[in-house]
Each structure stands twice: as structure tokens, then as C-alpha cells.
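S.K.: Take a look at the following structure, please.
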Amino acid sequence: MFSLFGSVFLLRCITMLITSLSVPGKHLECKARHVGDLSEKLHQAFLIWQGGGMLIQGVRTCGDYMFSGHTTVLTLLNFFITEYTPRSYYFLHTTSWVLNLFGIFFILSAHEHYSIDVFIAFYISTRLFLYYHTLANNRALMQMDSKRTRIWFPLFYFFESGVDGIVPNEYDTPVAWVRWFRRKMANIVIRLKLTKVL
Numbered sequence: 001m002f003s004l005f006g007s008v009f010l011l012r013c014i015t016m017l018i019t020s021l022s023v024p025g026k027h028l029e030c031k032a033r034h035v036g037d038l039s040e041k042l043h044q045a046f047l048i049w050q051g052g053g054m055l056i057q058g059v060r061t062c063g064d065y066m067f068s069g070h071t072t073v074l075t076l077l078n079f080f081i082t083e084y085t086p087r088s089y090y091f092l093h094t095t096s097w098v099l100n101l102f103g104i105f106f107i108l109s110a111h112e113h114y115s116i117d118v119f120i121a122f123y124i125s126t127r128l129f130l131y132y133h134t135l136a137n138n139r140a141l142m143q144m145d146s147k148r149t150r151i152w153f154p155l156f157y158f159f160e161s162g163v164d165g166i167v168p169n170e171y172d173t174p175v176a177w178v179r180w181f182r183r184k185m186a187n188i189v190i191r192l193k194l195t196k197v198l
């Protein structure tokens with residue numbers, strides 16, 4: 001999951017470097033700011049990360065209007081939910097898709113991004129997700145593109161090169177982990193009490 005997010009956001013960084021669009025709404029201000037040394041730049045990046053890149057949190061950015069990061073996050077989360085949960089969870093899948101589409105609509109209606117910006121983010125996120133899973137689930141494709149995969153998707157090659165065939169979706173709720181943890185802690189407490197008695 002994190003390798004896909006990282007790959008998509010790396011592409012987003014590249015588009016921010018090579019593309020400069022004006023702000024999409026009159027309510028957004030884009031003034032030139034002087035940021036000095038590396039520590040100030042890292043502090044500014046931390047403030048953007050801390051605010052989630054949202055205007056409502058007081059974050060003001062300029063130049064990131066060619067590839068919507070919010071659309072990317074919504075879309076990838078939607079695809080992860082629908083791909084890695086059991087097929088019988090129709091309500092969850094439908095809800096995930098509805099929330100994704102409504103989120104995209106609200107991003108556009110708030111005039112925070114251009115429509116082409118949101119479309120490109122949706123398109124690239126979905127294509128990269130589907131390409132990753134097509135390669136992962138088709139051993140012949142992975143063997144055929146081995147060198148290219150190693151160069152263009154080093155994390156994919158690292159995670160998926162030793163996998164034979166399709167990995168089944170195994171679903172487990174956090175409740176099972178909590179029960180296991182409680183049992184483990186109870187056993188430790190019992191052993192401690194027994195050692196004190198002896």
C-alpha cells in the first residue's frame with residue numbers, strides 16, 4: 001500500500017516541479033514567499049504535512065494544481081478497500097465508491113482544484129493501482145518485464161519478486177488481534193503471580 005502511495009506522490013512531485021497553474025479560485029491567495037535555508041524549507045514542509053495540505057487548517061500552497069493529492073488519497077483508499085476486503089461486503093464497497101465520488105465532487109465544488117487536475121489524479125491513481133495488481137497477479141507478465149520492473153518499480157520488485165502466483169486475500173479483523181493480545185497478557189500476569197508465590 002505504501003509503495004503505491006509513494007509512487008503516485010512521487011509522480012505528483014514531478015508534476016509540481018514541471019507545471020505551474022494559477023490558483024483555481026478567487027478566494028485563494030498565492031503570494032511569493034521567501035524561504036531561506038534548508039531547515040526553513042523542511043519546517044514549511046512539516047507545517048503542510050501537519051495540516052494535511054488543507055486550507056481549513058491554515059495551509060497555503062501554490063503550484064500544486066496539476067495533480068490533486070486529496071483525490072489521489074481518496075481514490076487509492078477506495079481501491080484498497082474494494083480490493084482487499086471480501087467480495088461479500090457489498091455495502092462497504094458501495095459506500096466506499098459513493099464517498100470517493102462525493103469527495104471528488106466536493107473538491108471540485110470548493111474550487112480547490114481544476115477539473116483536469118482531479119481527473120488526472122483519479123486516472124493516474126487508478127491506472128497505477130490496476131497496473132501494480134495486474135503485474136502482481138500475473139506471473140508471466142512479471143517474468144517478461146523483469147528488467148523493466150526492477151528499474152521502474154523497484155519497490156514492486158522487492159515486495160513481489162518472490163511470490164508464486166496470486167496471493168489470496170486473507171481478511172482478519174483487529175478484534176482477533178486484541179483477543180490474542182489479552183490472552184498473552186493474561187498468561188504473563190498468571191506466570192508472574194505464580195513466580196511470586198513460589
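According to the UniProt record's numbering, the sequence shown is numbered sequentially starting from 1.
No residue lacks a Cβ here, since even glycine has one placed at the ideal position from N, Cα and C.
#1: Quick check on E83: buried or exposed, where buried means 16 or more other Cβ atoms within 10 Å of its Cβ?
#2: Among the residues of its own chain, which have a CB less than 6 Å from the CB of I120, if the five just before and after it don't count?
#3: Closest to T19 by CA distance: which of D164, Y132 and D117 is it?
#4: Within 10 angstroms of its Cβ, does Y157 collect 16 or more other Cβ (buried), or is it exposed?
#5: Going by alpha carbons, who is nearest to F106 out of F2, R12 and T71?
#6: Can you find the residues in the same chain that come closer than 8 Å, C-beta to C-beta, to L10, ignoring five residues on each side of it along the sequence?
#7: Buried or exposed for F2, going by 16 or more other Cβ atoms inside 10 Å?
#8: The alpha helix (DSSP H) spanning S125 covers which residue range?
#9: When you compare only the Cα positions, how much space is there between L192 and W180?
#10: The alpha helix (DSSP H) spanning F105 covers which residue range?
#11: Starting from M16, trace the alpha helix (DSSP H) in both directions and tell me its first and last residue.
#12: Quick check on this structure: which residue in S109, I166, L130 and I124 has the alpha carbon closest to the alpha carbon of N137?
M.R.: Reading off the structure:
#1: The residue you call residue 83 lines up with position 83 of the sequence shown. With fewer than 16 other Cβ atoms from the protein chains shown falling within 10 Å of its own Cβ, E83 counts as exposed.
#2: On the sequence shown, position 120 is the one that residue 120 refers to. Cβ within range, chain order: F67.
#3: Working through the sequence shown from its first residue, we reach residue 19 at position 19. Selected option, being the one with the closest Cα: D117.
#4: On the sequence shown, position 157 is the one that residue 157 refers to. Flag for Y157 reads buried.
#5: Position 106 of the sequence shown, counted from the start, is the residue given in the question as residue 106. Of F2, R12 and T71, the residue nearest in Cα terms is T71.
#6: Your numbering for residue 10 matches position 10 in the sequence shown. The beta carbon of L10 sits closer than 8 Å to no other beta carbon from its chain once the five residues preceding and following it are set aside.
#7: Sequence index remark: in the sequence shown, residue 2 carries index 2 (1-based). Counting the other CB atoms within 10 Å of its CB gives F2 a total below 16, which places it among the exposed residues.
#8: Here residue 125 is taken as the residue at index 125 of the sequence shown, counted from 1. Start and end: S115 to N137.
#9: Sequence index remark: in the sequence shown, residue 192 carries index 192 (1-based). Sequence index remark: in the sequence shown, residue 180 carries index 180 (1-based). Rounded to whole angstroms, the separation of the alpha carbons of W180 and L192 is 18 Å.
#10: Here residue 105 is taken as the residue at index 105 of the sequence shown, counted from 1. Note, F105: alpha helix (DSSP H), Y90 to S109.
#11: For the purposes of this step, residue 16 is taken as the residue at position 16 of the sequence shown. Element bounds for M16: F2 to I18.
#12: Along the sequence shown, one-based indexing puts residue 137 at 137. Cα-wise, what sits closest to N137 is I166.
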